[in-house]
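Peer 1: The numbering of the sequence shown is this note's numbering, which starts it at 1 and goes up by one.
From the three backbone atoms N, C-alpha and C, an ideal C-beta is built for every residue, glycine too.
Keep in mind it's a predicted model, so treat the numbers as computed, not measured.
Handing you this structure, nothing more for now.
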Amino acid sequence: MLELYQFELSQYSEKVRLILDYKELEYRKIEVTPGVGQIELLQKSGSKQVPVLKDGSTYIADSTEIAFYLDRKYPERPIIPEDPLAKGQCLLIEEWADESMGLKGRKAFIGALNQNQNFRTSVLPQETPDLVKNLVGAIPGELLDVLGMGVGFGGDAVKDAKKGLKQDLEALSLILQHKPYLVGDTPTLADLAVAGLSILLKFPEGSYLNIPSQLKGKGIPGLADNSDYDVFFNWRDRLYAEYRKATGSTTPSNDAAPTSIEIE
Ligand SMILES: N[C@@H](CCC(=O)N[C@@H](CS)C(=O)NCC(=O)O)C(=O)O
């Protein structure tokens, strides 16, 4: 069976989980322990970043490489169009989603964690005893590692990221207002990348992620709760309802869930 080395909260891992589900491929999730687990992953696969897919004895690192590999090896339900114009648009949107939306989403999410005690507490790893959680009062390095970034995001960087995301969400909402998918009439890698990479902006409502139920449907204030972007998030909900499998339908391994919370 395919194995996905991942972090549950990683948006690039989510992009791959959505692709695997869309293609109706069975897989087993392997939750990587930040730090020590990443060194093991590096030794096995050559990458210390998740996601990494293992197919037989082959390791494939990087969500884009994984997407290309899967479409080549498992051509049923293709995600990369053959038509040259559609293929060009699909690849362009996927690259933009990875390098722009995904990175800004991470920054804005960290900004929300910094500014919001409840939100921060909610995403601490489950093993963290409540007492420690209450005492920590700051984001533990481990969590920052999970999200693939270091400390030291200035307020301006977070503000700029959020401003850029607002433009992105407006653009996506305009495009999707009268279209079922970003390119053509069937889902492509462009849709799966954009939808998967948007989880940190607003966690999906359904039972798709191994996160506390209170977090579902919640996200970055000003984005997740802004009705201007309803078209986009409703579109994503429909895509998830149709193609993303609920948790429990994959074989978990060492799944670490964050603990319970309250966020505004
Ligand atoms: N370009 C990579 C980005 C992967 C990435 O940023 N992964 C993060 C988690 S979302 C990670 O592994 N961070 C830990 C680290 O960089 O040490 C992809 O598309 O897969």
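When DSSP labels each residue in this structure, what does V183 get in the three-state scheme?
Peer 2: The sequence position of residue 183 within the sequence shown is 183, counting from 1. V183 falls in the coil class under three-state DSSP.
Peer 1: So, K87 versus P78, is the Cβ gap smaller than 8 Å?
Peer 2: Within the sequence shown, residue 87 is the residue found at index 87, counting from 1. Within the sequence shown, residue 78 is the residue found at index 78, counting from 1. Contact flag unset, no.
Peer 1: Specify the secondary structure class of G222 as computed by DSSP and reduced to three states.
Peer 2: By one-based count along the sequence shown, residue 222 stands at place 222. In this structure, G222 counts as coil in the three-state DSSP scheme.
Peer 1: What residue from I39, Q49, V36 has the CA that sits closest to L4's CA?
Peer 2: Counted from its first residue, the sequence shown places residue 4 at position 4. Of the candidates I39, Q49, V36, the one whose C-alpha sits nearest the C-alpha of L4 is Q49.
Peer 1: Look up A188 in the DSSP assignment and say whether it is helix, strand or coil.
Peer 2: Residue numbering aside, residue 188 sits at position 188 when the sequence shown is read from its first letter. Reading off the sequence, residue 188 comes out as Thr, not Ala. Three-state DSSP puts T188 in coil, outside helix and strand.
Peer 1: Quick check on DSSP: helix, strand or coil for V265?
Peer 2: There is simply no residue 265 to check, as the chain begins at 1 and stops at 264 in what is shown.
Peer 1: Please list, in chain order, all residues of the same chain as L42 whose beta carbon is under 8 Å from its beta carbon, the five residues on each side excluded.
Peer 2: The residue labelled residue 42 in the question sits at position 42 within the sequence shown. If we look at L42 and ignore the five residues flanking it on each side, its Cβ neighbours are K48.
Peer 1: According to DSSP, is Q11 part of a helix, a strand, or is it coil?
Peer 2: Translated into the one-based positions of the sequence shown, residue 11 becomes position 11. Helix.
Peer 1: Based on Cα-Cα distance, which residue from L103, P204, A193, D168 lies nearest to V158?
Peer 2: As a position in the sequence shown, residue 158 is number 158, starting the count at 1. Taking only the C-alpha atoms, the option nearest V158 is L103.
Peer 1: From the DSSP output, which residues share a beta bridge with Y27?
Peer 2: Residue mapping note: residue 27 aligns to position 27 of the sequence shown, counting from 1. Y27 is bridged to L2.
Peer 1: Tell me, please, whether the segment 223-235 touches the segment 19-36 by the rule of three or more beta-carbon pairs shorter than 8 Å.
Peer 2: Short answer: they don't touch.
Peer 1: Report yes if the C-beta of F68 is less than 7 Å from at least one heavy atom of ligand 1; otherwise report no.
Peer 2: If you number the sequence shown from 1, residue 68 lands on position 68. Flag unset: Cβ of F68 not near ligand 1.
Peer 1: Note down the Cα distance separating R238 from R244, rounded to an integer number of angstroms.
Peer 2: In the sequence shown, counting from the first residue as 1, residue 238 sits at position 238. In the sequence shown, counting from the first residue as 1, residue 244 sits at position 244. Distance between the alpha carbons of R238 and R244 is about 10 Å.
Peer 1: May I have the straight-line CA-CA distance separating I211 from L174, to the nearest angstrom?
Peer 2: Against the sequence shown, residue 211 aligns to sequence position 211. Against the sequence shown, residue 174 aligns to sequence position 174. Computed Cα separation, rounded: 30 Å.
Peer 1: Can you tell me whether DSSP reads V146 as helix, strand or coil?
Peer 2: Mapped onto the sequence shown, residue 146 falls at position 146. At V146, the pLDDT of 49 sits below 50, so the modelled position is not reliable; the number obtained from the coordinates is stated separately. Helix at V146.
Peer 1: DSSP state of D83, grouped into three classes?
Peer 2: One-based indexing of the sequence shown puts residue 83 at position 83. D83: coil per DSSP, three-state reduction.
Peer 1: Measuring straight from C-alpha to C-alpha, what distance separates P187 and A195?
Peer 2: Translated into the one-based positions of the sequence shown, residue 187 becomes position 187. Translated into the one-based positions of the sequence shown, residue 195 becomes position 195. C-alpha separation (whole angstroms): 11 Å.
Peer 1: Less than 8 Å between the C-beta atoms of T12 and L20, yes or no?
Peer 2: Numbered from its first residue, the sequence shown carries residue 12 at position 12. Numbered from its first residue, the sequence shown carries residue 20 at position 20. The sequence given here places Tyr at residue 12; Thr does not occur at that position. No, these two residues do not count as a Cβ contact at 8 Å.
Peer 1: In the DSSP output, what is Y59 paired with across the bridge?
Peer 2: Counting from 1 along the sequence shown, the entry for residue 59 is found at position 59. Per DSSP, K54.
Peer 1: Give a yes or no on whether the C-beta atoms belonging to V16 and Q89 are separated by under 8 Å.
Peer 2: As a working note, residue 16 is residue 16 in the sequence shown. As a working note, residue 89 is residue 89 in the sequence shown. No, these two residues do not count as a Cβ contact at 8 Å.
Peer 1: Would DSSP call K202 helix, strand or coil?
Peer 2: Against the sequence shown, residue 202 aligns to sequence position 202. Strand.
Peer 1: By the three-class DSSP mapping on this structure, what secondary structure does T247 have?
Peer 2: Counting from 1 along the sequence shown, the entry for residue 247 is found at position 247. T247: coil per DSSP, three-state reduction.
Peer 1: If we ignore side chains and look at the alpha-carbon of each, how far apart do K229 and K73 end up?
Peer 2: For this step, residue 229 is matched to residue 229 along the sequence shown. For this step, residue 73 is matched to residue 73 along the sequence shown. Per the sequence shown, the amino acid found at residue 229 is Tyr instead of Lys. Y229 and K73: Cα-Cα distance of roughly 36 Å.
Peer 1: Does any heavy atom of ligand 1 sit closer than 7 Å to the C-beta of K44?
Peer 2: Reading the sequence shown from its first residue, position 44 is the one you call residue 44. No - ligand 1 has no heavy atom lying nearer than 7 Å to the Cβ of K44.
Peer 1: Is DSSP giving K216 helix, strand or coil here?
Peer 2: By one-based count along the sequence shown, residue 216 stands at place 216. In the structure shown, K216 sits in coil (DSSP, three-state: anything other than H, G, I, E or B).
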